[in-house]
Amino acid sequence: MENSAFAAPTPRALATEAVHAGREDLAQLGLHAPPLDLSTTYPSYDAAQEAERIDAFATTGARLEGPPVYARLDNPTTARFETALARLEGAQDAVAFASGMAALTAVLLVRASMGLRHVVAVRPLYGCSDHLLAAGLLGTEVTWTDPAGIAAAIRPDTGLVMVETPANPTLAEVDLAAVRHACGAVPLLVDNTFATPVLQRPLEFGAQIVLHSATKYLGGHGDVLGGVVACDEEFAGRLRQVRFATGGVLHPMAGYLLLRGLATLPIRVAAASASAAELARRLGCDPRVTAVHYPRLGGGMVSFEVHGDPRDVIAAVRLITPAVSLGSVDTLIQHPASISHRIVAETDRHSAGVSDRLLRLSVGLEDVDDLWSDLSQALGAQPARREERPMNGTLLTSPQGAR
Ligand SMILES: *Cc1c(COP(=O)(O)O)cnc(C)c1O
Numbered sequence: 036m037e038n039s040a041f042a043a044p045t046p047r048a049l050a051t052e053a054v055h056a057g058r059e060d061l062a063q064l065g066l067h068a069p070p071l072d073l074s075t076t077y078p079s080y081d082a083a084q085e086a087e088r089i090d091a092f093a094t095t096g097a098r099l100e101g102p103p104v105y106a107r108l109d110n111p112t113t114a115r116f117e118t119a120l121a122r123l124e125g126a127q128d129a130v131a132f133a134s135g136m137a138a139l140t141a142v143l144l145v146r147a148s149m150g151l152r153h154v155v156a157v158r159p160l161y162g163c164s165d166h167l168l169a170a171g172l173l174g175t176e177v178t179w180t181d182p183a184g185i186a187a188a189i190r191p192d193t194g195l196v197m198v199e200t201p202a203n204p205t206l207a208e209v210d211l212a213a214v215r216h217a218c219g220a221v222p223l224l225v226d227n228t229f230a231t232p233v234l235q236r237p238l239e240f241g242a243q244i245v246l247h248s249a250t251k252y253l254g255g256h257g258d259v260l261g262g263v264v265a266c267d268e269e270f271a272g273r274l275r276q277v278r279f280a281t282g283g284v285l286h287p288m289a290g291y292l293l294l295r296g297l298a299t300l301p302i303r304v305a306a307a308s309a310s311a312a313e314l315a316r317r318l319g320c321d322p323r324v325t326a327v328h329y330p331r332l333g334g335g336m337v338s339f340e341v342h343g344d345p346r347d348v349i350a351a352v353r354l355i356t357p358a359v360s361l362g363s364v365d366t367l368i369q370h371p372a373s374i375s376h377r378i379v380a381e382t383d384r385h386s387a388g389v390s391d392r393l394l395r396l397s398v399g400l401e402d403v404d405d406l407w408s409d410l411s412q413a414l415g416a417q418p419a420r421r422e423e424r425p426m427n428g429t430l431l432t433s434p435q436g437a438r
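All residue numbers for the sequence shown refer to the working numbering, where the first residue is 36 and numbers rise by one.
Below, the structure written as structure tokens:
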């Protein structure tokens, strides 16, 4: 879908873009809701022209003018989501994939295909991203470092520096401007899944590649799996070529749901952030809690550590759903050492600040007092103890006396 003829002449606020980007041509088409195109193939009586279009795609990977040839090349519904997400991130372009992991895979394959197989990465990352790099499944090699060590870790064959901020699951934040400076000529990839473009737009700090698990806040309702990369046109072309060759496409229904999710992203993030900040405050005053991690940036995620066995808290929640994933309208809690970061070796987990006592809470849109009463009764399932324990990461508020 070619939307450039309808592009906004002046920059618009994010909340406006969230509702209108990727939909600029609808009124011209006589439509209000975006159409859902489920075609796997597209008719053409002009084989010579199709050959030219395919040659052009093989050269640049640019989106085809006119209808796609085949659904693995492109899809008009998914393209609307890509256009909208690119606008929200302030990027030239975006390319959607079947999942966040398929998106990261495509980025790594693009760089490896250019002979740049080395990645410099800062822990913690999402457990499966960590695993993909550490296991070298794609023939990449990783050097783990803290932000201060990035410049020294870069080699002639380094194709990517990767950070997550706020990071999954500790919510540790990195200084993007400083990291960008340390990268020199090497592209910086920022996994922006937790912050969303509502709270942070990494391209404004000079990052070249922004990755999202669209499964989380972008979709926002826990019913669609997807991934997306926002970047410049040239890199997007290479990503499209890899997507075509490897087949990790987003289903059009998922593209439809993700575009729909973007419309409410700013208000969902604002509402979840307000509740999460309040829950972080209450957790920080609770003697049953030893540490609370809440990003300076804000957002709907809170991590905290407990005196007792965190699995007792998981077993005791009633309103809150004990489940992995995040960014949905409903509140989820999980134990990273058991689930989201289980695949990361224990020593690596610990050195990255992922304590075995850590719980990760994704705050939804429920009433904050209802959430607190559930959390508080679930915390009651583990015995209260007063002694202080060593903290990992940011300490928002120190545990105080009994309430
Ligand atoms: C979930 C997640 C991913 C992986 O995304 P999928 O859509 O599950 O493949 C990557 N990064 C972060 C930060 C995540 O939370």
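Using N, Cα and C, we set each Cβ at its ideal position, and we do this for glycine too.
Please read these numbers as outputs of a predicted model, since none were measured by experiment.
DSSP places Tyr80 outside both helix and strand once states are collapsed to three, so it counts as coil. Proximity of the stretch 93 to 108 to the stretch 233 to 251 falls short of the contact definition, fewer than three beta-carbon pairs being nearer than 8 Å. Counting only runs of 3 or more residues that sit fully inside the stretch 109 to 189, the beta strand (DSSP E) segments are 128 to 132, 153 to 156 and 176 to 179, in chain order.
The count of Cβ pairs closer than 8 Å, one atom from the stretch 105 to 117 and one from the stretch 208 to 216, stays below three, leaving the stretches out of contact. Tyr80 sits exposed, since fewer than 16 C-beta atoms from the chains shown fall within 10 Å of its C-beta.
The stretch 190 to 199 makes no contact with the stretch 119 to 137; the number of CB pairs closer than 8 Å stays below 3. When DSSP assignments are scanned along the stretch 347 to 411, the uninterrupted stretches of alpha helix (DSSP H) that are 4 or more residues long and fall wholly within it turn out to be 381 to 386. At least one heavy atom of ligand 1 sits closer than 7 Å to the Cβ of Glu199.
Per DSSP, the unbroken alpha helix (DSSP H) holding Ala305 starts and ends at Pro287 to Gly319. In this structure, the alpha-carbon of Thr140 lies about 32 Å from that of Asp60. The C-beta of Tyr252 has 16 or more other C-beta atoms within 10 Å across all chains shown, which makes the residue buried. For Thr231, the enclosing alpha helix (DSSP H) stretches over residues Thr231 to Leu234. Residues of the same chain with a CB within less than 6 Å of the CB of Pro102, apart from the 5 flanking positions on each side, are Tyr77 in chain order.
Ligand 1 has a heavy atom closer than 7 Å to the beta-carbon of Tyr161. The nearest non-hydrogen atom of ligand 1 is less than 7 Å from the C-beta of Ser164. For Val304, same chain residues with a beta-carbon under 8 Å away, outside a window of 5 residues either side, are Thr231, Val233, Leu234, Tyr252, Gly334 and Gly335 in chain order. Apart from sequence neighbours up to five positions away, the residues of its chain that approach Glu313 with a beta-carbon distance below 6 Å are Val403, ordered along the chain. With contact defined as three or more Cβ pairs closer than 8 Å, the stretch 380 to 397 and the stretch 282 to 299 are not in contact.
Here Thr325 carries a strand assignment [DSSP, helix/strand/coil].
At a cut-off of 7 Å, the beta-carbon of Asn110 does not count as near ligand 1: no heavy atom of the ligand is closer than that. Annotated as proximal: Gly194 and Arg146, with beta-carbon spacing under 8 Å. Gly65 and Ala48 have their C-alpha atoms spaced approximately 25 Å apart. Non-local C-beta neighbours of Thr75 in its own chain, meaning closer than 8 Å and more than five positions away in sequence, comprise Tyr105 and Ala106, ordered along the chain. Assigned with DSSP and collapsed to three states, Asp192 falls in coil, not helix or strand. Runs of alpha helix (DSSP H) with 4 or more residues, each lying fully within the stretch 217 to 286, are found at 231 to 234 and 268 to 281, listed in chain order. Around the beta carbon of Ile355, 16 or more other beta carbons lie within 10 angstroms, which makes this residue buried.
Classified as exposed, Arg331 has fewer than 16 neighbouring CB atoms from the shown chains inside 10 Å of its CB. Val337: member of the beta strand (DSSP E) spanning Met336 to Val341, first to last residue. Exposed is the label assigned to Leu172, since fewer than 16 other Cβ atoms lie within 10 Å of its Cβ.
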